[in-house]
Amino acid sequence: MLRSVYQSGILTLLNSAGSHPLQLWTVVQPASVEGAHIAVERDSDIGENVVTLQSSDLASTFISYPKTASEKLGMKLPYMFLLAKSIDEPFSLEVEALDSQGIVRRLRASSFEARARIEDGICIVPLRLDEDCWNYLTLDIALLLEGAFGTSYRETSRVTLHANAKLRLVGFADRIMSEDQLPAELRLYGLDSNS
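Everything in the sequence shown is counted per the numbering used here, starting at 37 for the first residue and increasing by one.
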């Protein structure tokens, strides 16, 4: 998808303030799973639309980018960032990244994991979301690949976000950035008159 596009600075995959934030994402919320719910809805804390992922079975309720399994994202920027809010249930995200050996590696960060490990070829790391507030998170995909597999980062092929969380923003950057370094329209309170 993006392999032939010049990539620099920041590229967003999901901005909940957009008119159709899930338009380019696969949305999977099985009717057979009790409480499976993926929707764009207003968050009372920030007064803006967010994407809510909620389910009693986080593995079967998720959004994934690109939309079709045959497409590859082709994202060269190595830092994935997101603005996420815990909804007091387990949350997980997974990144598929192509490494210097031509192997697509899976990196998973989950709020229910207690320790980092490599299991069945997947690098699994704990993810901590502070409760009752918004969290700005950055994943250094290149560092995770190097540490887990001893290989270099080439590109991200796919991003999958599982229940349970509220999402305001998902993107990639060419360097580690604090939320304050994002353009005002991407910051959580960026359009507030006090910023």
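Just so you know, even glycine gets a beta-carbon here, dropped at the ideal spot from N, CA and C.
Q. What did DSSP end up calling Leu58 once you bin it into helix, strand or coil?
A. In the structure shown, Leu58 sits in coil (DSSP, three-state: anything other than H, G, I, E or B).
(Q) Which complete beta strand (DSSP E) runs does the segment 178-216 hold, if anything under 3 residues is left out? (A) Whole beta strand (DSSP E) segments, 3+ residues: 189-198, 201-209.
Q | Closest by C-alpha distance to Ala53, when choosing among Leu173, Leu94, Phe185, Ala75 | A | Of the residues Leu173, Leu94, Phe185, Ala75, the one whose Cα lies closest to the Cα of Ala53 is Ala75.
(Q) I'd like to confirm the pairing. Which residues does DSSP put opposite Gln90 in its beta bridges? (A) Assignment of beta-bridge partners to Gln90 by DSSP yields His73.
Q: Just the C-alpha distance for Leu119 and Glu77, rounded to the nearest angstrom, thanks.
A: Straight-line Cα distance between these residues: approximately 15 angstroms.
Q.
If contacts are defined as beta-carbon pairs under 8 angstroms, then Thr196 and Ala133 qualify, I think. What distance do you get, rounded to the angstrom?
A. Taking C-beta atoms under 8 angstroms as the contact rule, Thr196 and Ala133 fail to qualify, at a distance of about 12 angstroms.
(Q) Can you tell me where the beta strand (DSSP E) holding Glu167 begins and where it ends? (A) Under the DSSP assignment, Glu167 falls outside any beta strand (DSSP E); it carries neither an H nor an E label.
Q. Would Thr97 be called buried (16 or more neighbouring beta carbons within 10 Å of its own) or exposed?
A. The residue in question, Thr97, is buried, as its Cβ has 16 or more Cβ neighbours within 10 Å.
Q.
Taking DSSP's pairing of strands, which residues face Arg12 in a bridge?
A. With the chain covering 37 to 231 only, the question about residue 12 has no answer from this structure.
Q) Whose C-alpha, out of Ser68, Gln59, Thr104, Gln137, is nearest the C-alpha of Glu238? A) Missing from the structure shown is residue 238; the chain here goes from 37 to 231 and no further.
Q. DSSP on Glu221, reduced to helix/strand/coil?
A. Helix.
**Q.** Counted within 10 angstroms of its Cβ, other Cβ atoms place Leu94 as buried (16 or more) or exposed
**A.** With 16 or more other Cβ atoms within 10 Å, it is buried.
Q: Go to Thr97, then tell me how far its beta strand (DSSP E) extends in each direction, as first and last residue.
A: That residue, Thr97, is in no beta strand (DSSP E); it is neither H nor E in DSSP.
Q | Segment limits, beta strand (DSSP E) that includes Phe117 | A | Segment 115-122, the beta strand (DSSP E) holding Phe117.
Q) Can you give the Cα-Cα distance for Lys202 and Asp124, rounded to whole angstroms? A) Going from the Cα of Lys202 to the Cα of Asp124 covers about 11 angstroms.
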